[in-house]
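Enquirer: As numbered in the numbering used here, residues 1 to 461 make up the sequence shown, in order. C-beta atoms are modelled at their ideal positions from N, C-alpha and C, and glycine is treated no differently. My structure is below; once you've seen it, I'll send some questions.
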Amino acid sequence: MVVMKFGGTSVKDPDAIRRLARIVTREQGISGVPVVVVSAMSGITDQLLDAVAAVERGDADLASQKVTVMRDRHRVAAEALLGPSVERDEVIDLLERQWRETAALLHAMAVLREVSPRSRDAVVAMGELASSHLVAAALTALGTPARCVDAREVLVTSADHGLAQPDLASTAARLHERVRPLVTAGTVVVLGGFIGATASGVTTTLGRGGSDYSASLFGAGLRAAEIQIWTDVDGMLTADPRVVHGARPLPSLSFAEASELAYFGAKVLHPSTIAPAVADGIPVKILNSHRPEVPGTTITAAPPLPEAPLTGLACKRDITVIDIRSTMMLAAYGFMRRVFEVFERYRTSVDVITTSEVSVSITIEDRRAIDDIVRDLSAFAEVGVETEMALLCAVGERLRLEPGLAARVLGALDEFPLRMVSQAGARRNLTVVLPQAHLQAAMARVHERFCLEAEPAGVGA
Ligand code: ADP
Ligand code: ASP
Ligand code: MG
1 MVVMKFGGTS VKDPDAIRRL ARIVTREQGI SGVPVVVVSA MSGITDQLLD
51 AVAAVERGDA DLASQKVTVM RDRHRVAAEA LLGPSVERDE VIDLLERQWR
101 ETAALLHAMA VLREVSPRSR DAVVAMGELA SSHLVAAALT ALGTPARCVD
151 AREVLVTSAD HGLAQPDLAS TAARLHERVR PLVTAGTVVV LGGFIGATAS
201 GVTTTLGRGG SDYSASLFGA GLRAAEIQIW TDVDGMLTAD PRVVHGARPL
251 PSLSFAEASE LAYFGAKVLH PSTIAPAVAD GIPVKILNSH RPEVPGTTIT
301 AAPPLPEAPL TGLACKRDIT VIDIRSTMML AAYGFMRRVF EVFERYRTSV
351 DVITTSEVSV SITIEDRRAI DDIVRDLSAF AEVGVETEMA LLCAVGERLR
401 LEPGLAARVL GALDEFPLRM VSQAGARRNL TVVLPQAHLQ AAMARVHERF
451 CLEAEPAGVG A
């Protein structure tokens, strides 16, 4: 069995949902009944978060206008996709009820002037709930019997709202109970990605872009033969196409390379997607729902080495560098522990770390707790903060195998003011931090020299 996940742009309107239906029906002809995971229609999660933010500012009217716009968009899509029938009336009713419930939730939050991570999750989950009902009805109407199963009854998570952690064993048991029998009976099950619930049934979400993660969790729990991530590009590209002109699709990639690229900013894949697939050795494919005939990218444990020296590049903007200079010797026992305790205290994750004898430099993406972090660190060290930095991460198995490649990549960046350089023990990535203004040029330089076929003459050893 195959798990097929369709992102926001792949369910954004009736034409996209018709394309999805053709892709699912074709897969059913090849590998049998698939399980389908869908994101909210593109833009809906942002609009739901905007509605919550409006309520937080006390602007209940704006929140309710936003709900009306979302409700209308779903109704128009349902009317376009489903012919006049009892089923169509039922789905339209169900969606209406769901948007009324969303409006009621937002109203209650406005009255109480209280927005908690828990109530935010309850609102934000509405996007995937609506799209999964709509897609299941559309599939059925277009000739492929399908049924929506509420993902909150399947994906069991911790209560860390906004970034919930899955409980693998309970989720596998629920999949076995609620999804497997329908598949066996020949029904395509449609689940919303990104959303789950605690064991006691309180709605949670997995973090932005989390539908990919849901798909791989369901794939692992169902022991799927393959996990397909259908999106709006031809696969994992050698670099973010919005940053590098001429990025090309990668036919294959290792699990380790895909994890590094996703972790360091390749938005096409949520960083947690790979782990469940690795555990069970399930191949992950990235495919373009606009061009289903394109082979896309296949991610497996040990694909053939690519021709080019580097497999791909990832980048993140708006990075903050924190320099921590020890007032005692850095090697002093317990110093690092004190540093990391501060980041842990404020639940801020760290991306890159470099050290010298007297200082540690750390990059963070999430600046929410920066003032608290700096204050606490200042109790035992001198602290400097630099904003508007970017991180460029070069990834490839060849970095591990070819001594000298990392030095050549750094050599190609000799005109750029690099702030930090890091290569971890696994040596599959080389990460540099530089001022954001230089990112695009640095990416273009490394991409041109190392990500297209062979290295140009004179650059090699
Ligand atoms: P979906 O809604 O299908 O989940 P996303 O917007 O989350 O899609 O991810 C797809 C987008 O990721 C692409 O449109 C592209 O702009 C961006 N992206 C960033 N880095 C890469 C990369 N290395 N390869 C492919 N796409 C990338
Ligand atoms: N809808 C969610 C988001 O926009 C999850 C996803 O699309 O993967 O973040
Ligand atoms: Mg995504």
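1) So is L155 buried or exposed if we call it buried at 16+ other beta carbons inside 10 Å?
2) Measure the alpha-carbon distance for D61 versus A53 and round it to whole angstroms.
3) Between H133 and V91, what straight-line distance do the alpha-carbon atoms span, to the nearest angstrom?
4) F194 to R375, Cα distance in whole Å?
5) Identify, in the order they occur along the chain, each residue of the same chain with its Cβ nearer than 8 Å to the Cβ of N288, setting aside the five sequence neighbours on each side.
6) Could you tell me the distance, in whole angstroms, from the CA atom of A201 to the CA atom of R337?
7) Give me the residue from P166, H270, I353 with the minimum Cα distance to G425.
8) What residue range does the alpha helix (DSSP H) around Q436 cover?
9) Is G281 buried or exposed, if buried means 16 or more other CB atoms sit within 10 Å of its CB?
10) What residue range is occupied by the uninterrupted alpha helix (DSSP H) comprising S422?
11) Got a sec: does ligand 5 put a non-hydrogen atom nearer than 7 Å to the Cβ of S10?
12) With a 10 Å radius around its C-beta and 16 neighbouring C-beta atoms as the bar for buried, classify H74 as buried or exposed.
13) Do the segment 136 to 143 and the segment 15 to 24 touch if we need at least three Cβ pairs shorter than 8 Å?
14) Should A461 go down as buried or exposed, given a rule of 16 or more other Cβ atoms within 10 Å for buried?
15) Identify the continuous alpha helix (DSSP H) that holds S326 and give its terminal residues.
16) Can you tell me whether T204 sits near ligand 2, meaning its C-beta is under 7 Å from at least one heavy atom of the ligand?
17) In the DSSP assignment, find the unbroken beta strand (DSSP E) run with E226 in it and report its ends.
18) On a Cα-Cα basis, can you pick out the residue from D240, D351, D371, L377 that is closest to V339?
19) Would a C-beta distance cut-off of 8 Å place V395 and E257 closer than the cut-off?
20) Does the separation of the CB atoms of A215 and V3 fall below 8 Å?
21) Counting pairs of Cβ atoms below 8 Å between the segment 384 to 392 and the segment 428 to 435, do you hit three or more?
22) Relative to the alpha-carbon of M41, which residue among E56, G411, L405, D72 has its alpha-carbon at the smallest distance?
23) Please determine, among R152, Y333, I322, the residue with the shortest C-alpha to C-alpha distance to D372.
Expert: Taking the coordinates as given:
1) Within a 10 Å sphere around the beta-carbon of L155 sit 16 or more other beta-carbons, which makes this residue buried.
2) Straight-line Cα distance between these residues: approximately 12 Å.
3) Distance between H133 and V91, taken at the CA atoms: about 7 Å.
4) The C-alpha of R375 is placed about 35 Å away from the C-alpha of F194.
5) If we look at N288 and ignore the five residues flanking it on each side, its Cβ neighbours are W230, T231, D232, V233, D234, G235, V294, G296.
6) Reading the sequence as shown, one finds Gly at residue 201 and not Ala. Distance from the CA atom of G201 to the CA atom of R337, rounded to whole angstroms, is 37 Å.
7) Selected option, being the one with the closest Cα: I353.
8) Per DSSP, Q436 belongs to no alpha helix (DSSP H) and is neither H nor E.
9) Exposed, by the Cβ-count rule.
10) Where S422 is concerned, there is no enclosing alpha helix (DSSP H), although the beta strand (DSSP E) it sits in stretches over 420 to 422.
11) Absence of ligand 5 is noted for the structure shown, with ligand 1, ligand 2 and ligand 3 being the only ligands found.
12) Residue burial annotation: H74 is buried, with at least 16 other C-beta atoms found within 10 angstroms of its C-beta.
13) Result yes; three or more Cβ-Cβ pairs closer than 8 Å.
14) Any reading at A461 is ruled out, since the residue's pLDDT is 40, under 50, leaving its predicted position unreliable.
15) Run containing S326: none in the alpha helix (DSSP H); it sits in the beta strand (DSSP E), 312 to 326.
16) Because no heavy atom of ligand 2 lies under 7 Å away, the Cβ of T204 does not count as near it: no.
17) Residues 226 to 231.
18) It is L377 whose Cα lies nearest to the Cα of V339.
19) Contact flag set, yes.
20) Yes, these two residues count as a Cβ contact at 8 Å.
21) With contact defined as three or more Cβ pairs closer than 8 Å, the segment 384 to 392 and the segment 428 to 435 are in contact.
22) Closest in alpha carbon position to M41, among E56, G411, L405, D72, is D72.
23) Checked all of R152, Y333, I322; the closest Cα to D372 is I322.
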